[in-house]
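Just so you know, the sequence shown maps onto residues 0 to 331 in the numbering used here. Note that beta-carbon positions come from the ideal geometry of N, C-alpha and C, so glycine has one too. Each remark here refers to the structure printed beneath this line.
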Amino acid sequence: MPDLALIMLVLVIVAALAFDYINGFHDTANAIATCVSTRALSVKAAIFMAAFLNFAGAMVSTKVASTIGKGIVDANNVTQLVVLAGILGAIIWNLITWYYGMPSSSSHAIIGGIMGAVIAHSGTATLHWKGLQKIVMALILSPIIGVAIGFVFMMIVMRLFHDSNPGPLNKNFRKLQVASAAFMAFSHGTADAQKSMGVITMALLSYGLIPSFDVPTWVKISCAIAMGLGTAAGGWRIIKTIGKDFVKLQPVHGFCVETAAAGVILGASSIGMPVSTTHVITSTILGVGVSKRLTAVNWNVAKRIVWAWVLTIPAAALVAFMTYQVLLPLLG
0 MPDLALIMLV LVIVAALAFD YINGFHDTAN AIATCVSTRA LSVKAAIFMA AFLNFAGAMV
60 STKVASTIGK GIVDANNVTQ LVVLAGILGA IIWNLITWYY GMPSSSSHAI IGGIMGAVIA
120 HSGTATLHWK GLQKIVMALI LSPIIGVAIG FVFMMIVMRL FHDSNPGPLN KNFRKLQVAS
180 AAFMAFSHGT ADAQKSMGVI TMALLSYGLI PSFDVPTWVK ISCAIAMGLG TAAGGWRIIK
240 TIGKDFVKLQ PVHGFCVETA AAGVILGASS IGMPVSTTHV ITSTILGVGV SKRLTAVNWN
300 VAKRIVWAWV LTIPAAALVA FMTYQVLLPL LG
């Protein structure tokens, strides 16, 4: 008889790497939408740069992975089926929002997915509410901080260069924007690949292959490669929503957006908080857009983004809950 638990573990690892790949092309826009929209880089060059730096960023730290793996639920209280259903719930929601060009959060999706699967398996009692409270607070506060930093940073740059000719100014900032996009791509890797690392390590610990929650090197490399390959696949639907439809940006605005967003994401990653890179970058775009004038923002697109922000955790949780119910008779 085949070892069903081992088969489930393999399925979990494959699904987690698939999530990382989908996360890569779903969230490519986070790093490169603004530099593509301002023509600082071509789409192909921007995607290649983002893929490489996403990989590099993913190899730097595992603090966010630990938060995901230990902050939502104790790994000893979950089964491989719970983890698999949670990942599939996140993947399905990510694909739905990608199809409709909605810049939803992969971070929200994986957290909601794990929560929904855990609730389907054992109710709410095994959830770590204190850990979840910190995670959700970080997810809520980071976009607010992003708006504020984007606005302030843009105002400072405007004050410093208010006498400059717009043509030469944007030409110079187009070059600087390549560096800021690279900074953003690297920070994206430090945040988003960590989620799958945490999920796979949770599954390995649950199966008994590792004695404690320490992310193995092969898990880091696998997740980093999956994220990089997904990023290389691109995600033009969401690039268009963020980079063109939301706020019309010049290179100076793009530089401020990417630098402010990367600073927020790296700051959060350094303390192990899993912020949404999608919502941080869109919030800094909003902050920069508002610094120009309120009418510079496409508020219909902003409304869609906010709805995706509000709905993702409960929607992914519901999809994961239903996925668990479907899989239980087959694999339970």
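- Go through its chain and collect everything with a Cβ distance to residue 19's Cβ below 7 Å, but skip five positions before and after it. Translated into positions along the sequence shown, residue 19 becomes position 20. For residue 19, where only same-chain residues beyond five positions count, the Cβ hits under 7 Å are 192, 195, 222, 225, 226 and 229.
- Query: How is residue 72 classed by DSSP in three states: helix, strand or coil?
  - Reply: As a position in the sequence shown, residue 72 is number 73, starting the count at 1. Residue 72 falls in the strand class under three-state DSSP.
- Message: In the DSSP output, which residue or residues are listed as bridge partners for residue 126?
- Response: Looking up residue 126 in the sequence shown gives position 127. Bridge pairing for residue 126: 72 [DSSP].
- Would the beta-carbon of residue 197 fall within 8 Å of that of residue 283? To locate residue 197, count along the sequence shown from 1; it is residue 198. To locate residue 283, count along the sequence shown from 1; it is residue 284. Contact: no.
- Item | Validate contact between the region 265 to 285 and the region 131 to 143 using beta carbons, cut 8 Å, 3 pairs | yes
- residue 315 to residue 258, Cα distance in whole Å? Stepping through the sequence shown from its first residue, residue 315 is reached at position 316. Stepping through the sequence shown from its first residue, residue 258 is reached at position 259. Rounded to whole angstroms, the separation of the alpha carbons of residue 258 and residue 315 is 30 Å.
- Message: Measuring straight from C-alpha to C-alpha, what distance separates residue 130 and residue 68?
- Response: For the purposes of this step, residue 130 is identified with residue 131 of the sequence shown, where counting begins at 1. For the purposes of this step, residue 68 is identified with residue 69 of the sequence shown, where counting begins at 1. Rounded to whole angstroms, residue 130 to residue 68 spans 11 Å at the Cα level.
- Task: Evaluate residue 251 with the Cβ neighbour count: other Cβ atoms within 10 Å of its Cβ, from every protein chain shown; 16 or more gives buried, anything less gives exposed.
- Result: Here the question's residue 251 lines up with position 252 in the sequence shown. With 16 or more Cβ atoms within 10 Å of its Cβ, residue 251 is classed as buried.
- Taking buried to mean at least 16 other C-beta atoms within 10 Å of its own C-beta, is residue 219 buried or exposed? Your numbering for residue 219 matches position 220 in the sequence shown. So residue 219 counts as buried.
- Query: Hey, how far is the Cα of residue 21 from the Cα of residue 171?
  - Reply: In the sequence shown, counting from the first residue as 1, residue 21 sits at position 22. In the sequence shown, counting from the first residue as 1, residue 171 sits at position 172. CA-to-CA, the gap between residue 21 and residue 171 works out to about 34 Å.
- Since I believe residue 231 is in contact with residue 50 (beta carbons under 8 Å), could you give me their beta-carbon distance rounded to a whole number of angstroms? Start at 1 with the first residue of the sequence shown, and residue 50 comes out as number 51. Start at 1 with the first residue of the sequence shown, and residue 231 comes out as number 232. Indeed they touch by this definition, with Cβ atoms about 4 Å apart.
- Just the Cα atoms here: how many angstroms apart are residue 7 and residue 201? Position 8 of the sequence shown, counting from 1, holds the residue named residue 7. Position 202 of the sequence shown, counting from 1, holds the residue named residue 201. Distance between the alpha carbons of residue 7 and residue 201: 13 Å.
- Query: Considering residue 161, what are the terminal residues of the alpha helix (DSSP H) in which it resides?
  - Reply: The residue you call residue 161 lines up with position 162 of the sequence shown. Taken as a continuous stretch (DSSP letters only), residue 161 belongs to no alpha helix (DSSP H), as it is neither H nor E.
- Message: Starting from residue 261, trace the alpha helix (DSSP H) in both directions and tell me its first and last residue.
- Response: Start at 1 with the first residue of the sequence shown, and residue 261 comes out as number 262. Here the alpha helix (DSSP H) through residue 261 covers 250 to 269.
- Burial state of residue 269 (16 or more Cβ within 10 Å): Here residue 269 refers to the residue found at position 270 when the sequence shown is read from its first residue. Exposed is the call here.
- Query: Around the Cβ of residue 71, are there at least 16 other Cβ atoms within 10 angstroms (buried) or fewer (exposed)?
  - Reply: Within the sequence shown, the letter at position 72 stands for residue 71. If you draw a 10 Å sphere on the C-beta of residue 71, you find 16 or more other C-beta atoms in it, and that means buried.
- Message: Mapping the DSSP letters down to three states, classify residue 99 as helix, strand or coil.
- Response: Here residue 99 refers to the residue found at position 100 when the sequence shown is read from its first residue. Three-state DSSP puts residue 99 in coil, outside helix and strand.
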